[in-house]
Structure formats: structure tokens, C-alpha cells
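In the working numbering, the protein residues as written are -14 to 242.
One structure below.
Written as C-alpha cells, this is what we have:
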């Protein structure tokens, strides 16, 4: 299948899914999420594929967030549906995949972009990468699992600091927080990512799948957390702060909260 916003190619048993909206800093829009769902489903169903690299085009951004203009006029129910559908069709699909998926973070990973990376089984970041969840500056909270997965990786204190300030952190800070597995030079990013997947591919595929399921089961009690995030994300859309935050973003000014 030919995609509008996604490049797909194989290197042996490894499939690369490359978000290809460089002029938009690879921001996630409805079309891109639909294509990711299709491409991920296909890769997971292809027997010869043993691992997946998820990255973005260019050197500036992995994914610099969601396409805000698409949901600027949403109400609470539309906001809740946005989060619920995104989580079920893409982010949870990645999280529960029986094949390893590694995010190669080649630049900015912000908002939904960081949440996309957090859903992956592992993360490798280039030295210049910046990570953050800036949703509070829009009058929102993370809605694609960020409140849950970041807390699982970095702990409550670090997660709250990142989410409540909306500040970005460096790749090396993310390594220290336990958010990424490795930080490498940009030229080595895909090589390092593929090296990990090739080592996994040499092991038993059924055992790898079982191990992923078993590790994920340790977070099995967090389903109410994800549901709470979806509901609260939706409620944000009916607040004056959301209108001000998104309006300020689109008008390229500082919000007045």
C-alpha cells in the first residue's frame, strides 16, 4: 500500500516505518495515525518481519507533536474520542505488539510524539534530541498514554515535573531518567537501533513475544489510569484555558492563563 505520510522499507527482518512530514516536523495528524495503524498491523502480521524501527524523516524531529489545527475546535466528547481512538488504534497497538518496536528519536519528540516513543518497547535517541510533554501550555494534558507510560519509566516525581512544567529535556537527561535506553551520535542512530533488533531477531520469536506479554502484565493494573487520562483529556476541551492555549498557539503568542 502506498502511503501519503509514511515511508516503509525493509532491511532483512527489520521493517522501518518513517513518518514523512518533514515540513510539519512530522506532526501526527488523522491521516498519519491511520497510516501508522495500517502499517503496524501489516508489519505485525508479516511472518518474516522480526522487529520494527519507528522514526521520522530528517534530522530535526522524530515527531514534534500532534497537528493542533485539527482539534482546535473540538468539544469535550470529541476530545475524548480523539484520545480513545488514538490509544486503541496506534499507541496500545505498539505497546502490546508481540514483536519489538524501537523508537529511533532523531530530533524533537514532543507531546504526541513523545507519547509515540513511550509506547514503543525501547527508545534510542540522537544526542541532539529534545523530549517533552508541553500539553499544559495548551490547556490540555497528555492524551495518548503519556501520563501513564512516562510515570512507569521515569517515576512519579520526574513525570510530574515534565508534565506540569511542560519543559523539554535533553537526550542525556532522558537517559538519566530512564526514558531512553541509549544516546548516540545522529549518524549512529539507525545502526544502534537495528543492532538491538538484530540481536533480538536471533532469539526465539515465540519466546520474545511471550516475554513482551509477561513484562506488560506487570503494568496490568494501570488500565483505570489510561481511562482516567482519556476522560480528563476530553474534559480539558470544555475549559476556557484550552480555548486560550490553543488560540495562543495558532496565533503564535504566549497564552494568558
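By construction, the Cβ of each residue, glycine as well, lies at the ideal position given by its N, Cα and C atoms.
Reduced DSSP category for residue i - H, G, I as helix; E, B as strand; rest coil
{"i": "residue 237", "result": "coil"}
{"i": "residue 31", "result": "coil"}
{"i": "residue 54", "result": "helix"}
{"i": "residue -8", "result": "strand"}
{"i": "residue 165", "result": "coil"}
{"i": "residue 13", "result": "strand"}
Candidates the options: closest to residue i by CA position
{"i": "residue 28", "options": "148, 15 and -14", "result": "-14"}
{"i": "residue 121", "options": "112, 70, 132 and -9", "result": "132"}
{"i": "residue 17", "options": "155, 30, 40 and 135", "result": "40"}
{"i": "residue 192", "options": "9, 2 and 85", "result": "85"}
{"i": "residue 87", "options": "46, 76, 98 and 102", "result": "102"}
{"i": "residue 7", "options": "119, 49 and -5", "result": "49"}
{"i": "residue 162", "options": "170, 147, 169 and 224", "result": "147"}
{"i": "residue 107", "options": "123, 204, 4 and 80", "result": "80"}
{"i": "residue 243", "options": "153, 164 and -9", "result": "Shown here, the chain extends from -14 to 242; a query on residue 243 therefore has no answer."}
{"i": "residue 93", "options": "196, 116, 194 and 105", "result": "116"}
{"i": "residue -12", "options": "219, 21 and 226", "result": "21"}
{"i": "residue 186", "options": "-7, -1 and -10", "result": "-1"}
{"i": "residue 97", "options": "82, 109 and 68", "result": "68"}
{"i": "residue 243", "options": "138, 112 and 158", "result": "Absent from the model: residue 243. The displayed extent of the chain is -14 to 242, so no value can be given."}
{"i": "residue 154", "options": "181, 118, 179 and 218", "result": "118"}
{"i": "residue 159", "options": "34, 219, 95 and 211", "result": "95"}
Exposure label - residue i; buried when at least 16 CB within 10 Å
{"i": "residue 265", "result": "Limits of the chain in this structure are -14 at one end and 242 at the other, which puts residue 265 out of reach."}
{"i": "residue 38", "result": "buried"}
{"i": "residue 250", "result": "The structure shown does not extend to residue 250, since the chain is modelled only from -14 through 242, so no value can be given for it."}
{"i": "residue 242", "result": "exposed"}
{"i": "residue 89", "result": "buried"}
{"i": "residue 91", "result": "buried"}
{"i": "residue 72", "result": "buried"}
{"i": "residue 42", "result": "buried"}
{"i": "residue 202", "result": "exposed"}
{"i": "residue 100", "result": "buried"}
{"i": "residue -5", "result": "exposed"}
{"i": "residue 127", "result": "buried"}
{"i": "residue 124", "result": "buried"}
{"i": "residue 26", "result": "exposed"}
{"i": "residue 214", "result": "buried"}
{"i": "residue 157", "result": "exposed"}
{"i": "residue 198", "result": "exposed"}
Extent of the continuous beta strand (DSSP E) run through residue i
{"i": "residue 95", "result": "93 to 95"}
{"i": "residue 36", "result": "36 to 41"}
{"i": "residue 2", "result": "-1 to 4"}
{"i": "residue -13", "result": "Counting along the chain, residue -13 falls outside any beta strand (DSSP E), and DSSP gives it neither H nor E."}
{"i": "residue 46", "result": "46 to 48"}
Residue span of the alpha helix (DSSP H) that contains residue i, given as start and end
{"i": "residue 193", "result": "190 to 202"}
{"i": "residue 180", "result": "174 to 186"}
Closer than 7 angstroms: residue i CB and nearest the ligand SAM heavy atom
{"i": "residue 79", "result": "The ligand content of the structure shown is nil, which means the ligand SAM is not present either."}
Cβ of residue i within 8 angstroms of any chain D Cβ
{"i": "residue 86", "result": "The structure shown has no chain D; it contains just one protein chain."}
Next on the checklist: Give the list of continuous beta strand (DSSP E) stretches no shorter than 3 residues that lie fully inside the stretch 66 to 152.
Outcome noted: 86 to 90, 93 to 95, 107 to 111 and 115 to 117
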